[in-house]
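I have placed the structure first, in the form of C-alpha cells, so that the comments after it can refer back to it.
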Amino acid sequence: MKVIDKVDNYHDNTPTVLTIGTFDGVHIGHTEIIQRLVADAHSKNYKSCLLTFFPHPRAVLQRDLSIKLLTTLEEKGKRLESLGLDTLVIHPFSREFSRLTAREYVERILVEKLHIKKIVVGYDHRFGRNREADINELRYFSQLFDFEVEEIGPQDIDDVAVSSTKIRTALTEGSVEKANQYLGYCYQIEGVVTKGRGLGKEIGFPTANLHEIHPTKLIPAEGAYIVSAKHQGKLLRGIMNIGRNPTVGGKGLHLEVHFLEFEQELYGETLTINFHKRIRSEQKFGNLEALKNQLELDKSSAISFFKHAMLT
18 MKVIDKVDNY HDNTPTVLTI GTFDGVHIGH TEIIQRLVAD AHSKNYKSCL LTFFPHPRAV
78 LQRDLSIKLL TTLEEKGKRL ESLGLDTLVI HPFSREFSRL TAREYVERIL VEKLHIKKIV
138 VGYDHRFGRN READINELRY FSQLFDFEVE EIGPQDIDDV AVSSTKIRTA LTEGSVEKAN
198 QYLGYCYQIE GVVTKGRGLG KEIGFPTANL HEIHPTKLIP AEGAYIVSAK HQGKLLRGIM
258 NIGRNPTVGG KGLHLEVHFL EFEQELYGET LTINFHKRIR SEQKFGNLEA LKNQLELDKS
318 SAISFFKHAM LT
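Counting in the numbering used here, the final residue of the sequence shown is number 329, and the numbers go up one at a time with none missing.
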C-alpha cells in the first residue's frame, strides 16, 4: 500500500475507486466499505484509494484539541493495508481546505487529482463548505463528472449503528468488550516500558510501566483489565491497571501491566497492549496487603479468562 502525504503529491493517472473519511478505528463498518472498495477496484483494474485527513477536522474547525482517537495514523495505515487497500492519501486538514465548495471539492480534488471513476461512501457522508452537501449532491456531481456512486448503509450490531463516537464512549466507560465487538478486533495501546517506583515488585506483582503513549490516543476508563501483548513472537497474558495508584499516594495517570508467568525485564522496549475485558474500577485500599489480595483475585480472573479465550 502506498501512503501519500497530501493530494498534490498523488501522481498516478490510473482510474480509482475512492472512499473518504477519517476512518478512526477502522471498525467493522469501515471494514465493510474498504472490502467492497478493494473488490470493486480490482475487478475493473482500477486502484483502490482512501482519502483521509489529519489533523482531525474537529480539532481544526471546533478547536477541539482534547479529542482522543482510536487509532494513530500508523495504526490506521496497518489496518487499511491488511484489508488490501492500494493507496492511502492523508491530506492536511485546514480551515482553507474546509472552505472549498462541494463542487470545488469534487472537481478539483476527487476528479482532477484522484481520477475517481467510482466513489463508495457511507449513508451519512457529508462534504464541502460547512458540510453542506450529502449523498444526493454527490449523485448530481457524478452525472456531471462521469463517475459512479455507491452508498453503504449502516452496519448494525443489535440494532445499534456502529460509529467511532460510540466506540470512544464505550472505552471511556470501560466497556472494552463492547468496543472490541464494534471494532472487530481488540483495542490496542502502544507504549514504551520505563522504570517505575518498584512497589509492584515489592508485593509480588512486578509491572511493566507504559509511557510515551501517543498524545491523541484514547486511554480507556481507569480500572483493572485483562490484557495481552506479543514479545519476541511470544504471547504474553496479563492484567493492567489504569489509574492514579490512590493506595500508595500516586500522582498522575499510570498504565502498569503485570504479565502472568513472565519475569523478564522489558525496560526500553515498545509493547502493544491488547485489551480483552475490564475486571473492576480502580479502588483505594486500606493497606498494601489488601491491595495484594485484590491483585490475587484479579490474577485469578485473568487465568480463568485465558483458559477459555482463543488467542494467537
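The beta carbon of each residue, even a glycine, is placed where N, CA and C say it ideally should be.
Pairwise C-alpha distance: residue j and residue i
i, j, result
"Pro223", "Phe279", "10 Å"
"Ala246", "Ile290", "5 Å"
"Ala178", "Arg214", "44 Å"
"Gln83", "His47", "In the sequence under discussion, the amino acid at residue 83 is Ser, which differs from the Gln named in the question. Answer to the nearest angstrom: the Cα atoms are 24 Å apart."
"Leu105", "Leu308", "47 Å"
"Lys183", "Gly191", "12 Å"
"Ala326", "His248", "19 Å"
"Leu188", "Gln160", "42 Å"
"Thr31", "Leu100", "20 Å"
"Val351", "Val123", "In the structure as shown, the chain starts at 18 and stops at 329, and residue 351 therefore has no counterpart that could be examined."
"Gly303", "Gln311", "12 Å"
"Pro237", "Ile259", "8 Å"
"Gln205", "Gly139", "25 Å"
"Pro74", "Tyr284", "36 Å"
"Thr211", "Ser180", "34 Å"
"Leu328", "Val20", "31 Å"
"Asn153", "Arg125", "19 Å"
"Leu87", "Thr186", "11 Å"
"Asp151", "His142", "6 Å"
"Ala56", "Pro72", "29 Å"
"Lys134", "Gln281", "54 Å"
"Gln198", "Met18", "27 Å"
"Tyr202", "His44", "8 Å"
"His231", "Glu91", "11 Å"
"Phe292", "Glu313", "19 Å"
Bridge partner(s) assigned by DSSP for residue i
i, result
"Asn291", "Gln205 and Ser245"
"Glu49", "According to DSSP, Glu49 bridges with nothing at all."
"Leu55", "For clarity, residue 55 is Val in the given sequence; the question names Leu instead. According to DSSP, which records beta bridges pairwise, Val55 is partnered with nothing at all."
"Val20", "Leu105"
"Lys251", "His248"
"Phe144", "Ala150"
"Leu86", "Lys234"
Proximal residues to residue i (C-beta, below 6 Å), its chain only, five neighbours per side dropped
i, result
"Ser318", "Ile296"
"Arg254", "Ser245, Leu277 and Phe323"
"Val209", "His228, Glu229 and Thr287"
"Met257", "Tyr242, Val244 and Val274"
"Val166", "Ile136, Leu155, Arg156 and Ser159"
"Glu239", "Ile259, Gly260 and Glu299"
"Phe162", "Val128"
"Leu97", "Leu105"
"Leu305", "Ile220"
Assigned secondary structure, residue i (DSSP; H/G/I helix, E/B strand, else coil)
i, result
"Ile152", "helix"
"Arg214", "coil"
"Lys324", "helix"
"Asn258", "strand"
"Leu161", "helix"
"Ala238", "coil"
"Leu117", "coil"
"Val137", "strand"
"Glu273", "strand"
"Arg297", "strand"
"Val123", "helix"
"Glu306", "helix"
"Leu283", "coil"
"Ser111", "coil"
"Asp41", "coil"
"Glu219", "helix"
Range of the contiguous beta strand (DSSP E) that encloses residue i
i, result
"His228", "Ala225 to His228"
"Thr69", "Lys64 to Phe71"
"Glu168", "Glu165 to Ile169"
Residues near residue i in its chain [Cβ-Cβ closer than 7 Å; skip 5 each side]
i, result
"Asn262", "His271"
"Leu54", "Val34, Thr36, Ser65 and Val137"
"Arg116", "Arg146"
"Thr118", "Gly145 and Arg146"
"Tyr27", "Ile21, Val106, Lys130 and Leu131"
"Ile50", "Thr36, Val137, Gly139 and Ile169"
Start and end residues, alpha helix (DSSP H) containing residue i
i, result
"Glu92", "Leu90 to Ser99"
"Pro32", "No alpha helix (DSSP H) holds Pro32; DSSP gives it neither H nor E."
"Pro74", "Pro74 to Leu78"
"Lys61", "Here Lys61 belongs to no alpha helix (DSSP H), and DSSP marks it neither H nor E."
"Leu200", "Val193 to Leu200"
Residues near residue i by beta carbon distance below 8 Å, same chain, minus five either side
i, result
"Thr69", "Ile37, Gly38, Thr39, Phe40, Lys93, Leu105, Val106, Ile107 and His108"
"Lys251", "none"
"Arg112", "Val77 and Leu78"
"Lys23", "Val106, Ile107, His108 and Pro109"
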